[in-house]
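Below is one structure; the comments refer to it alone.
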Amino acid sequence: MAEVIDVVAAALEFTKVFLELKEISTSSAHAPEELHELIEELNLTDDILRTLAEQDALMSEYAPPMITQKCRESCKNAVEILKPLCIQLSKSIERSRWRGSLRTVLKDASIEKARRRIERAKSNLNLAQMATLSVMSTLNLQQHASTQTLVISAMIMASKLDNGDNVERRLCKPNVAQSTCTGTMDSHHQSCIFNSDTVAQIEKCPARRRSLWLGKRFEIIRDRAGGMSTFTFRTYNILPRDAPVFFLARRGDVAGLQALFQRRDGTIFDRDENGQTLLHHTWVSEQQSMLTFLLQQGCDINETDFWGHTCFYSFLMQPPALHTDTLHALTATSSIDVDPEIVYAAAKWQPLLLTNIVSMASPPWYSMDLATRLPAAYAGCRSSGSLDGFWCLLSQTHLDVSCLTGRIDQPEEVYVSLVERLARTMSAPPCPDLEGWRSLLRSAVELNGFGVAFKKHCSSPMLSYLGFSGSLLGHFYGSLSDLNHHRLSCRIQNWAREVLLAGQDLQTYGHWEQDLLLHTRPEYVMSGYGYWWYYAPIKVRLLNFVYGPSSEDWKIWASTSLDEHAGEFWQGVHFAEPVLAIPGSWPLTNPSHSVDLDLNNYVMSRRGRRRISRYLELTLAELETRFYYEYGSLSSAVEYNVQNGKKKKAERRQFHAKHGITPPYRELVS
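Each position in the sequence shown, counted from 1, maps to that position plus 16 in the numbering used here.
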């Protein structure tokens, strides 16, 4: 008991010396910033030391003597290091009598020496804290085995009436038992007894408590499935995202990372500020050799970050797709937990890997309810996907009425329709499996898919085909040239032919679309590439829409906010400069880094580059330095855009000719 009193007394003595140092430093008006940082570090060590002193009495009663003695020695060593440091800093502050003398007394060498002392004390306190947590975790397991009070349940008594039709249940007040635990874990649990008529309720209640001490993360995880609880104690380092261990993992340098592990400058348990592991960084950069190496070292492929996302989920959210053979190689060496969230992400972002990922789902995907499978099937309706992926996600042999609409998880009832998703899918060429989506649209029309969609106030399939999203205040994903009357009418006529080909009467369908437009009067904001950085959003309004029994009778007119203000003189007087850059005009005055995005439109043309170089007084080399492109230079960027544009035009031309679609109308705009 005397040793316990000595530890507590040492902690109190250090607290007294530290408070005196803190008071003296506060009274100094010219204390440097380095001194305040040292005071904050000492304040943290003081809090940890007092916590250890409070837990020392409990350890002396339950922990083995060897571990208790080791913990006390670590605390004493930390006090012996920190106490002289506080006294020395107090004397240095008291010796300073004039302005600037304190900075002279506290030189860089002395500050660095004090920091090294604090780091040594932190190491001792870290060892003591880890020993304390280990003892407390062992103590919790022992009490669970002896008292069996770590089960969370409720007692439901059921008594059957004489007629056997009604069942009366009453919820009995549970007994509460307490078990000693660490300060980071709540140990109140409920226990109960079931009789023969009791309806048992089994749930999985994981409890996790995290704490961050001395740059390390500690976790005590309790996972209860059924009656027994499993405790897991984890500790790992929290490092910056630009740390060498993460940089080597992203680059795929296996030899460099292995050398880093041998020098003990990094481990497989390191995480960044968001809790992402080495596998998170490696999966995103698609380093197959690095993935294999980390799995061989013992990394858990199902480990989650602080947001609850595994590395596999983070990979699925990336645009590039990992090769199928690499996925097979990884699944052969480790087991990936595939839940509905993983399947939904794969349906949305990785259609090529969809079949492989669905086959790994546990429990089997076909055993899920329709409310889980239908949103994933809707997400699989993409122009880059295929009809086989849709049926794989739906896990049915044919459509029924319940598959025509799905409810979005929101406070109010908002429904999405299958025909609207198909319209969005078929509108974006090139669509490799267009014939498959056409057959699915015919199946939906046979079940009155359009009528069910409009009855439940779903979004307009016609507007989705034209590039509009949402019903009241949505977005238009297109360019200003796509809003030309002839081009817009050509696209709506193509959609009318698709609807007619599916077997839907155009007169009835046109009446539904017109009625929806008259009641909603939607307004859209241009959100296509090149329009999101403008100072004021460009709004799009639908002016008129006509339909008829033939697809050639369908026409639509749209207007933008630019057209509405074009003839108003006061609008030009109000602004010193036009809000939007006029084609062929000079760039904005007072150029800065914030307007580089606007100038990007000019560097794509030869005349624009000459104007910018004269306007900003830059040479061609300086111009290329300012406008950096991932392709190396402006000339290569322009060449890439030209070739990419020609490739897309050829793909669209081939797509339209193959499926009998009229190409969109084009007109020259000066």
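Beta carbons: idealized from backbone N, C-alpha and C, even for Gly.
query, result
"Proximal residues to Gly-452 (C-beta, below 6 Å), its chain only, five neighbours per side dropped", "Leu-403"
"Coarse secondary structure for Met-442, derived from DSSP in three states", "helix"
"Bridge partners - Met-542, DSSP secondary structure assignment", "Phe-492"
"Three CB pairs or more closer than 8 Å across the stretch 352–362 and the stretch 378–392", "yes"
"The stretch 258–270 in contact with the stretch 287–297 per 3-pair CB rule at 8 Å", "yes"
"Simplified DSSP assignment, three categories, for Lys-674", "helix"
"At least 3 beta-carbon pairs within less than 8 Å: the stretch 652–661 vs the stretch 474–484", "no"
"CA nearest to the CA of Leu-58, picked from Leu-141, Lys-665 and Asp-449", "Leu-141"
"Inter-residue spacing [alpha-carbon to alpha-carbon] between Ser-485 and Tyr-540", "8 Å"
"Neighbourhood of Tyr-394 by C-beta, 8 Å cutoff - its chain only, sequence neighbours within 5 removed", "Gly-422, Val-432, Leu-434 and Arg-437"
"The stretch 265–276 / the stretch 305–313 touching (three or more Cβ pairs under 8 Å)", "yes"
"Inter-residue CB distance, Arg-389 and Leu-409 (contact presumed, cutoff 8 Å)", "6 Å"
"Short Cβ contact (9 Å threshold) for Leu-558 with Trp-570", "no"
"Length-filtered (4 minimum) alpha helix (DSSP H) runs lying within the stretch 369–436", "370–375, 386–395 and 403–410"
"Alpha-carbon spacing of Thr-512 relative to Asp-416, whole angstroms", "The sequence given here has Ala at residue 512, not Thr. Approximately 24 Å between the Cα atoms of the pair."
"For Ser-566, the three-state DSSP class (helix, strand or coil)", "coil"
"Where Ala-259 sits in the DSSP three-state scheme", "coil"
"Touch test, the stretch 452–465 against the stretch 491–507, Cβ-Cβ under 8 Å, three pairs minimum", "no"
"Cut-off 8 Å between Cβ atoms - residues of its own chain near Ala-444, not counting five sequence neighbours on either side", "Ser-399"
"Which of helix, strand or coil DSSP assigns to Thr-536", "helix"
"Burial state of Pro-391 (16 or more Cβ within 10 Å)", "buried"
"Rounded Cβ spacing between Leu-65 and Ala-130 (contact assumed at less than 8 Å)", "Their Cβ separation, rounded to whole angstroms, is 17 Å, which puts Leu-65 and Ala-130 out of contact at 8 Å."
"Nonlocal neighbours in the same chain, by C-beta distance under 7 Å from Thr-148, ignoring five residues either side", "Leu-68, Gln-71, Met-75 and Cys-87"
"C-beta atoms of Ser-567 and Asn-510 nearer than 9 Å", "yes"
"Glu-462 and Gly-526 closer than 9 Å at C-beta", "no"
"Nearest-angstrom Cα separation, counted from Gln-659 out to Gly-467", "44 Å"
"Where Leu-632 falls, given that 16 or more other Cβ within 10 Å makes a residue buried", "exposed"
"Contact set for Asp-449: own chain, Cβ-Cβ below 6 Å, skip 5 residues either direction", "Ser-402 and Leu-403"
"Asn-253 (DSSP reduced to helix, strand or coil)", "strand"
"Three-state secondary structure (DSSP) of Phe-328", "helix"
"Spatially closest choice to Gly-268 from Gln-278, Ile-254 and Leu-294, by CA coordinates", "Leu-294"
"Whether Leu-105 touches Ile-134 by CB criterion (9 Å)", "no"
"DSSP state of Ser-195 mapped onto helix, strand, coil", "Bear in mind that the predicted position of Ser-195 carries a pLDDT of just 30, short of 50, making it too unreliable to give a figure here."
"Complete beta strand (DSSP E) runs within the stretch 470–525 (minimum length 3 residues, chain order)", "489–492"
"Phe-328 versus Gly-282, Thr-283, Ile-284 and Met-376, residue with shortest Cα-Cα distance", "Met-376"
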